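S.K.: The structure follows.
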């Protein structure tokens, strides 16, 4: 049968109301079919589309048909301004002339990218684990070799390339439990309550998944601080949970006030079911360190309101301000007595990415769960098993953080010297940043008590605010984008973290080496004066 015979004898039909690429309106409101013959050209066309992997009705996955929650996710730390910074870097490499020679990305807490050197002992053990033949090399200290052998013996096939158990390598979880006990003055920690994770972020999202349920006014509300780390708002958007914002007090060094928590939860109960309270201590992006009294007040509030506590403590070694001290939520909880320690449900989180280590790329971390229902814990274990296991090199690194060289071991002196130097440099840069910013008219900076960021408030002229709105930008985004284009400094606008209406901020990491940080601060100072004058 030739083509002409096929076109005459085929009894194929297509509805005239449904074109090959129907509009959204056509799909929703199907008309009664009006049958017309399908031509050979149509058959050939449709066959070609199938070959190209495209259905007769267009792409399967489009912006209209994708998960709407994903479109609501925003993550300012790697948002539009960072994408523009990457474009500028490419332009500089291609020879495009700019008023600067490099982009300084002070937008993210990536210590090694900012020039911080790795801690020798950590990398020695990781090298030994990755290439065990080095165990025969006498250049490596014996305590590093002992750590590596112990880790490798716990790995399948004595290789960090093998999967581990989903909860994490058992001996490493035991070391984490001992670390927590020592940190908290002897309060017991059970390795079975420890879950190793892909950084702290993965564990935080996992816990939120467990906690979110219900519909309408019964939908789970999650209380997060404003300003906040955008991981939280992004995860809540992805899970279609309800964000319940409580504001930190900028005038009191970003302190947390229980009266504000009570205001927030009372308003939230009109439209959702608040079940979770998230705390970041030391704070990101605001750098505050909570007092013990504040932590006690928060725990009492959580008990009274029947809330699950999530304590993000990844900056626990990053405390700089005189009179400030890190208190773990677990330690305070148990020291408050059985009324609280046996009833308040909590998960706390730590990471290898911050503190003195700065090993962001290895993605090591853990969470400890307290007072979790055994049946729910079984579900948690099931859920983490779906991902098989956290990265084993990251688990190995975590083991070295919680089980560092001891005073009687050969690596101890060098390890302590490097650790102390990193934290001392961060403390110096925290003070320097506050001091310089507070000399600039229109910039107000609270003390950086801890963590590794500053979150100064900037006063913007009304003309600049109007210009930003005219260009469809949030004012502090307009400010930060201009700073990037004119000075090559990449910061994150405060609007990406949340802020009180009518106020403007930016977040800047204090991680660059001291001399480069001085250059960054001077460039921001010069820009702010110029920007203010331009729009006055």
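Numbering (my numbering), first residue to last: 1 to 536. Glycine included, C-beta positions come from ideal geometry on N, C-alpha and C. Nothing here was measured: the structure is a model prediction, and the numbers come from that model.
What beta strand (DSSP E) runs, 3 residues minimum, are completely inside the stretch 222-304?
M.R.: For the stretch 222-304, whole beta strand (DSSP E) runs of length 3 or above, ordered along the chain, are 242-247 and 273-280.
S.K.: Mind pulling the alpha helix (DSSP H) runs of 4 or more residues that sit fully within the stretch 452-493?
M.R.: Runs of the alpha helix (DSSP H) inside the stretch 452-493: 462-470 and 475-487.
S.K.: For residue 309, tell me which candidate among 177, 328 and 321 has the shortest Cα-Cα distance.
M.R.: It is 328.
S.K.: Do you know how far the Cα of residue 489 is from the Cα of residue 520?
M.R.: Rounded to the nearest angstrom, the two C-alpha atoms are 7 Å apart.
S.K.: Can you look up residue 442 in the DSSP assignment and give me helix, strand or coil?
M.R.: Coil at residue 442, not helix or strand.
S.K.: Can you give the Cα-Cα distance for residue 345 and residue 315, rounded to whole angstroms?
M.R.: Each residue's alpha carbon lies about 22 Å from the other.
S.K.: So within the stretch 321-352, which uninterrupted beta strand (DSSP E) runs reach at least 3 residues, ignoring any that extend past its ends?
M.R.: If we require 3 residues or more, the beta strand (DSSP E) runs fully inside the stretch 321-352 come out as 346-351.
S.K.: Are the CB atoms of residue 298 and residue 450 nearer to each other than 7 Å?
M.R.: Their beta carbons are not under 7 Å apart, which means residue 298 does not touch residue 450 by this criterion.
S.K.: So, under 8 Å CB-CB, residue 397 and residue 126 are touching, yes? Tell me the CB distance rounded to an integer number of Å.
M.R.: Indeed they touch by this definition, with Cβ atoms about 6 Å apart.
S.K.: Compute the Euclidean distance between the alpha carbons of residue 272 and residue 199, then round it to the nearest angstrom.
M.R.: The straight-line gap from Cα to Cα measures roughly 30 Å.
S.K.: How many angstroms separate the CA atom of residue 165 from the CA atom of residue 174?
M.R.: Rounded to the nearest angstrom, the two C-alpha atoms are 14 Å apart.
S.K.: When the cut-off is 7 Å and only beta carbons count, does residue 343 lie next to chain E?
M.R.: No chain E is present in this structure, which holds just one protein chain.
S.K.: Quick one: Cα of residue 44 to Cα of residue 60, how far?
M.R.: Its pLDDT being 48, under 50, residue 44 is placed unreliably in this model, and the value from its coordinates should be taken loosely. If I take the Cα positions, the gap works out to 21 Å.
S.K.: Is DSSP giving residue 35 helix, strand or coil here?
M.R.: Low local confidence applies: a pLDDT of 44 at residue 35 is under 50, so the model's placement there is unreliable, with the coordinate-based value given in what follows. DSSP places residue 35 in strand when its eight states are reduced to three.
S.K.: Give the DSSP-derived three-state secondary structure of residue 165 in the structure shown.
M.R.: Looking at residue 165 - three-state DSSP - the assignment turns out to be coil, as it is neither helix nor strand.
S.K.: In whole angstroms, what separates the C-alpha of residue 269 from that of residue 263?
M.R.: Each residue's Cα considered, the two are about 10 Å apart.
S.K.: Answer with buried or exposed for residue 86, where buried requires no fewer than 16 other C-beta atoms within 10 angstroms of its C-beta.
M.R.: That one is exposed.
S.K.: Do you know whose CA, among 404, 525 and 440, lies nearest residue 146's CA?
M.R.: It is 404.
S.K.: Quick one: what does DSSP say residue 125 is sitting in, helix, strand or coil?
M.R.: If DSSP states are grouped into helix, strand and coil, residue 125 belongs with the helices.
S.K.: Per DSSP, which one or two residues make a beta bridge with residue 505?
M.R.: Residue 505 is bridged to 457.
S.K.: Is the distance from the Cβ of residue 395 to the Cβ of residue 169 below 7 Å?
M.R.: Yes; because the gap between Cβ atoms is below 7 Å, this pair is in contact.
S.K.: Using the rule of at least 16 other Cβ atoms within 10 Å of the residue's Cβ for burial, across every protein chain shown, is residue 342 buried or exposed?
M.R.: Result: exposed.
S.K.: By Cβ distance, which residues of its chain are closer than 7 Å to residue 430, with the 5 residues on each side in sequence left out?
M.R.: Excluding residues within five positions, the ones whose Cβ falls inside 7 Å are 320, 448 and 510.
S.K.: Quick one: any contact between the stretch 109-117 and the stretch 350-365, if contact means 3 or more CB pairs under 8 Å?
M.R.: Because the criterion of three Cβ pairs below 8 Å is met, the stretch 109-117 and the stretch 350-365 touch.
S.K.: Is the stretch 184-197 touching the stretch 378-396, taking contact as three or more C-beta pairs under 8 Å?
M.R.: A contact exists between the stretch 184-197 and the stretch 378-396.
S.K.: Since residue 365 sits in a beta bridge, which residues does DSSP pair it with?
M.R.: Beta-bridge pairing links residue 365 to 197 and 351.
S.K.: Excluding five sequence neighbours on each side, which residues of the same chain lie with their C-beta closer than 6 Å to the C-beta of residue 402?
M.R.: Around residue 402: 175, 176 and 179.
S.K.: Suppose you measure from the CA of residue 123 to the CA of residue 416; what does that come to, to the nearest Å?
M.R.: Cα to Cα, the separation comes out at about 15 Å.
S.K.: Starting from the Cα of residue 84, find the closest Cα among 148, 481 and 422 and give me that residue.
M.R.: Here the closest residue by C-alpha is 481.
S.K.: For residue 486, which option in 62, 63 and 104 has the closest C-alpha, if you only look at C-alpha atoms?
M.R.: The option with the nearest alpha carbon to residue 486 is 104.
S.K.: Taking the straight line between their C-alpha atoms, what separation do you get for residue 65 and residue 208?
M.R.: Looking at the two C-alpha atoms, the distance is approximately 25 Å.
S.K.: Around the Cβ of residue 460, are there at least 16 other Cβ atoms within 10 angstroms (buried) or fewer (exposed)?
M.R.: Answer is buried; the Cβ neighbour count reaches 16.
S.K.: So what's residue 415 in DSSP terms, helix, strand or just coil?
M.R.: In this structure, residue 415 counts as helix in the three-state DSSP scheme.
S.K.: With a cut-off of 8 Å on the beta carbons, I'd call residue 368 and residue 189 a contact; round off their distance for me.
M.R.: Yes, residue 368 and residue 189 are in contact; Cβ-Cβ is about 7 Å, under 8 Å.
S.K.: In angstroms with no decimal places, state the Cα-to-Cα distance between residue 400 and residue 191.
M.R.: When rounded, the distance between both Cα atoms is 16 Å.
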